[in-house]
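Residue numbers (our numbering), protein chains in the order written: chain B, 83 to 463; chain V, 83 to 463. Glycine included, C-beta positions come from ideal geometry on N, C-alpha and C. All values reported here derive from a predicted model rather than from experimental measurement. In what follows, a single structure is set out as structure tokens and then discussed.
Number of protein chains: 2
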Amino acid sequence: MPELSRVTSEAHEAMSIRYNTMVYELQQRGIKVLIMSLGEAYFDIPLFPMDDLPYPQVNHYSHSRGLPELREKLAQYFRTEYGVVFDPATEIIITAGSKAAIHMTLMSVLNPGDEVLYSEPAWVSYPEQIKLCYAIPVGIPYDRSVYDYESYITPRTKAIIINNPHNPRGSVLSGPELQDLLDLARQYDLWLLSDEAYSDFLIDDSFVSVARLDPEKKNSAVFNSMSKNYGISGWRIGYVISNGALINNVLKVNQHLVTCPATILESYLAKHFGELLEITKPQMRDVVCRRRQLAAYMDEIGLNYLPGTATFYFFVSIAPSRLSSEGFCTRLLQEDYVSIVPGIGYGHSCGRFVRVSVGAATLEENKFGLDRIRDLIRKTS
Amino acid sequence: MPELSRVTSEAHEAMSIRYNTMVYELQQRGIKVLIMSLGEAYFDIPLFPMDDLPYPQVNHYSHSRGLPELREKLAQYFRTEYGVVFDPATEIIITAGSKAAIHMTLMSVLNPGDEVLYSEPAWVSYPEQIKLCYAIPVGIPYDRSVYDYESYITPRTKAIIINNPHNPRGSVLSGPELQDLLDLARQYDLWLLSDEAYSDFLIDDSFVSVARLDPEKKNSAVFNSMSKNYGISGWRIGYVISNGALINNVLKVNQHLVTCPATILESYLAKHFGELLEITKPQMRDVVCRRRQLAAYMDEIGLNYLPGTATFYFFVSIAPSRLSSEGFCTRLLQEDYVSIVPGIGYGHSCGRFVRVSVGAATLEENKFGLDRIRDLIRKTS
Chain B
83 MPELSRVTSE AHEAMSIRYN TMVYELQQRG IKVLIMSLGE AYFDIPLFPM DDLPYPQVNH
143 YSHSRGLPEL REKLAQYFRT EYGVVFDPAT EIIITAGSKA AIHMTLMSVL NPGDEVLYSE
203 PAWVSYPEQI KLCYAIPVGI PYDRSVYDYE SYITPRTKAI IINNPHNPRG SVLSGPELQD
263 LLDLARQYDL WLLSDEAYSD FLIDDSFVSV ARLDPEKKNS AVFNSMSKNY GISGWRIGYV
323 ISNGALINNV LKVNQHLVTC PATILESYLA KHFGELLEIT KPQMRDVVCR RRQLAAYMDE
383 IGLNYLPGTA TFYFFVSIAP SRLSSEGFCT RLLQEDYVSI VPGIGYGHSC GRFVRVSVGA
443 ATLEENKFGL DRIRDLIRKT S
Chain V
83 MPELSRVTSE AHEAMSIRYN TMVYELQQRG IKVLIMSLGE AYFDIPLFPM DDLPYPQVNH
143 YSHSRGLPEL REKLAQYFRT EYGVVFDPAT EIIITAGSKA AIHMTLMSVL NPGDEVLYSE
203 PAWVSYPEQI KLCYAIPVGI PYDRSVYDYE SYITPRTKAI IINNPHNPRG SVLSGPELQD
263 LLDLARQYDL WLLSDEAYSD FLIDDSFVSV ARLDPEKKNS AVFNSMSKNY GISGWRIGYV
323 ISNGALINNV LKVNQHLVTC PATILESYLA KHFGELLEIT KPQMRDVVCR RRQLAAYMDE
383 IGLNYLPGTA TFYFFVSIAP SRLSSEGFCT RLLQEDYVSI VPGIGYGHSC GRFVRVSVGA
443 ATLEENKFGL DRIRDLIRKT S
């Protein structure tokens, strides 16, 4: 067999996907697993008929920037919801999930050897996507604040990725913190890439989109996902918003990598945009409320976690345990059939943590899972 | 604004997409355009209801190798249809279109600076995808045969991409030609990457999949597309078949770039796999028959084209015209509202050709379009 490429041979499998695949394989054997490892919340949403969508157009390619009607809806939504104005004709591309949007944007701003800063714990794909661009991921340890970022900037730094609200911390960056990061980006001529996939998973108004602070989007790009907000992770509909020049380069990458997301699903979402949001918004609030109740429960049973108020994730400390985060999660899955994700998948500084997602199970089930985590910490301390 | 990356700033927009966007914009102004530029055939197919699909599973991520049921169906299909055996658990990944499959496979085999051979006219994305891997595209002029490829091999050559059946030639590589290419790949330790997206657009049994000649798939990978064969280009469902080691690297890229194609569409296709094929197979034959009739018509009106018997494309010579292929296509679109694609988009050796797709219009409409091409050649000779 001829050799495989170095960059993909050295790439790491997404840790969350690895554990979810293990879950999947247990389930295939008929075992019931308590799933606290998924990057999605489960919503109760209807599936509207598709036979009233424009047919046969929905079978064919859509505009490679995305279906115009859907871009319009998103522009309206951003204006009213986040106070962000963008031109749907030139400043957005709808992509096959926000993962693809982030990758294609990184391709569009990075030259080989460039450095990209991001905070740990970091979503598993950031460092891998950066490496697939032949650039260098620079993870900032979990105990530093955004005010420490400047000390990580070198002449090779080209971009900062932030995840706001944050998976898996559940934290939200404040307006002044964001302004500070944007000032830093302007001062050092960097791209501030803001992954805002969880922007609707809040129960207060603390969220500010970076695009609001940088109205011309000269230094910023914003990623978001309909997959997350509508509880349809498997439909793979995300997008990137930025200035026309950056979007134009992303467009070229998109044309050669994917062409467009599934037209029929774009069309469905354009048609049912408002309806679906009305259905999912209260459920998003419920998930965040559940998160708050579970935070209180962890305080009660003595589990520690990084502070946060948004999303449906916790980054929980297993510090007293002698097990590595991988050993911990594998044992919890195999002995207790509770599935969570090792912290080490989120950065070198995170080996004493695990990621717990409370979006897919009930309050009681999640409490049961948290009890098992506490028990395993105790057993292995 | 911080700089954009060199690789994407230098990338070319897909020529076919550029012209189809121009068409789209004319249509938005209410102008009726005869479309002979699309990379898809239009089929008359039903849209089955989706409310009997497993719900809510269809909303969520599927296995990052693709829905197991769909992989099984594809394995059966390849066994019976092409005499190709592969393990659906380890030797296939279903992707968001075959474009993504090709890109992720190139990422998985190429190191920066590697050279990749392919024949011109070449599908517009091959050279761009190669460059996005920081590798070097080596287009072989349209008038060379596969027996000339060896002279293009250097110590840096890592792969050969073939498109069989060929877009836009419409030609099919014979068994001996394929065997020769495979022997070459084995001798020089190269990957033979075979894009077989048009494998069902034939009316004889001349098509041989490379995977049949390389049963262990040690030197080969095969790409194919349900989007093309089912007339649902906009659904973005493709796949790559190869040995487990290569597939494993592609899997890692897929996990960080897209996760999975739209689960609901995979589920639909798994459920209606046989039915849809029964509906589209005769229509695929019809399209190829129409192509044959139009070949005869071109002989009659004195248009020249590269020889071929498959697909729904022609690569037509405009040699007597003084116009460049871009000038020719732009004028045909603006004056006659007939949309075709400039040959130059398919390689440096192809500036005296245009690509004509006969999959989306009727026989008579296509004849009308070919007449306009002949007229414009005459007018500009």
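Using a Cβ-Cβ cut-off of less than 7 Å, list which residues of the segment 153-186 of chain V approach chain B; keep chain order.
Here the close residues are Ala178, Gly179, Lys181, Ala182 and His185.
What residues in the segment 288-315 of chain V bring their beta carbon closer than 7 Å to a beta carbon of chain B?
Lys300, Asn301, Gly313, Ile314 and Ser315
By the three-class DSSP mapping on this structure, what secondary structure does proline 258 of chain B have?
helix
Hey, is glutamate 210 of chain B's beta-carbon within less than 8 Å of any beta-carbon in chain V?
yes
Does glycine 427 of chain V come out as helix, strand or coil in the three-state DSSP assignment?
helix
Nearest CA to the CA of serine 307 of chain B: which residue from B/Ala279, B/Phe289, B/Leu376 and B/Glu298?
Measuring from the Cα of serine 307 of chain B, the nearest candidate turns out to be B/Ala279.
CB contact check: aspartate 262 of chain B to chain V, cutoff 8 Å:
no
Would you list, in sequence order, the uninterrupted alpha helix (DSSP H) runs of no fewer than 4 residues that lie entirely inside the segment 305-352 of chain B?
308-311 and 326-339
Euclidean distance between Cα positions of glutamate 107 of chain V and threonine 412 of chain V:
13 Å
Reference valine 166 of chain B; option with closest CA among B/Asp368, B/Asp133, B/Val292 and B/Gly451:
Looking at the Cα atoms, B/Val292 is the closest of the given residues.
Can you name the start and end residues of the beta strand (DSSP E) that valine 198 of chain B belongs to?
197-201
Assign aspartate 196 of chain V to buried or exposed, taking buried as 16 or more other Cβ atoms, counted over all protein chains shown, within 10 Å of its Cβ.
buried
Quick one: grab the DSSP three-state call for proline 464 of chain V.
Lying outside 83 to 463, the shown extent of chain V, residue 464 of chain V is not represented and no answer is given.
In chain B, which residues lie with their C-beta within 8 Å of the C-beta of asparagine 331 of chain V?
Leu86, Ser87, Thr90, Ser91 and Ala93
Give the DSSP-derived three-state secondary structure of leucine 149 of chain B in the structure shown.
coil
Answer with yes or no whether the minimum CB distance from serine 146 of chain B to chain V is below 8 Å.
yes
Determine the chain B residues that contact threonine 236 of chain V at a beta-carbon separation under 9 Å, and present them in chain order.
Using a Cβ-Cβ cut-off of 9 Å, threonine 236 of chain V is close to nothing in chain B; its nearest Cβ partner there is about 15 Å away.
Below 8 Å between beta carbons: does that hold for glycine 441 of chain V and phenylalanine 397 of chain V?
no
Cβ shell of leucine 376 of chain B (< 6 Å), same chain only, five flanking positions each side left out
Val440 and Asn448
Output the boundary residues of the beta strand (DSSP E) element that contains lysine 240 of chain V.
Segment 239-245, the beta strand (DSSP E) holding lysine 240 of chain V.
Taking just the CA atoms, how far does lysine 213 of chain V sit from valine 290 of chain B?
Looking at the two C-alpha atoms, the distance is approximately 37 Å.
Using three-state DSSP, classify tyrosine 387 of chain V as helix, strand or coil.
strand
Is the beta carbon of tyrosine 321 of chain B closer than 8 Å to that of isoleucine 184 of chain B?
no
Whole-angstrom distance between isoleucine 329 of chain B and serine 87 of chain V, CA atom to CA atom:
12 Å
Bounding residues of the alpha helix (DSSP H) (the contiguous stretch that carries tyrosine 143 of chain V)
From DSSP, tyrosine 143 of chain V is part of no alpha helix (DSSP H); its letter is neither H nor E.
Taking contact to mean 3 or more Cβ pairs, one atom from each stretch, closer than 8 Å, check whether the segment 94-104 of chain V and the segment 116-131 of chain V are in contact.
yes
At a cut of 8 Å, does the segment 200-217 of chain B reach the segment 346-362 of chain B through at least three beta carbon pairs?
no
Express the C-alpha separation of aspartate 457 of chain V and aspartate 381 of chain V in angstroms, rounding to a whole number.
15 Å
Output needed for methionine 97 of chain V: all residues of its chain with C-beta closer than 7 Å, excluding positions within five of it in sequence on either side, in chain order.
Val206, Val423, Pro424 and Gly427
If you drop the 5 nearest sequence neighbours on each side, which residues of the same chain put their C-beta closer than 6 Å to that of serine 288 of chain V?
Val254
Counting pairs of Cβ atoms below 8 Å between the segment 223-232 of chain V and the segment 242-258 of chain B, do you hit three or more?
no
Do proline 84 of chain B and asparagine 325 of chain V have their C-beta atoms within less than 8 Å of each other?
Contact: no.
Please check the pair tyrosine 143 of chain B and threonine 341 of chain B, which I expect to be a contact at CB under 8 Å, by giving their CB distance rounded to whole angstroms.
6 Å
Start and end residues, beta strand (DSSP E) containing valine 438 of chain V
It spans 435-439 - the beta strand (DSSP E) in which valine 438 of chain V sits, taken as one unbroken run.
Close beta carbons around proline 258 of chain V, own chain, < 6 Å, minus the five adjacent residues each side:
None.
For arginine 437 of chain B and alanine 93 of chain B, I'd like the C-alpha separation in whole angstroms.
21 Å
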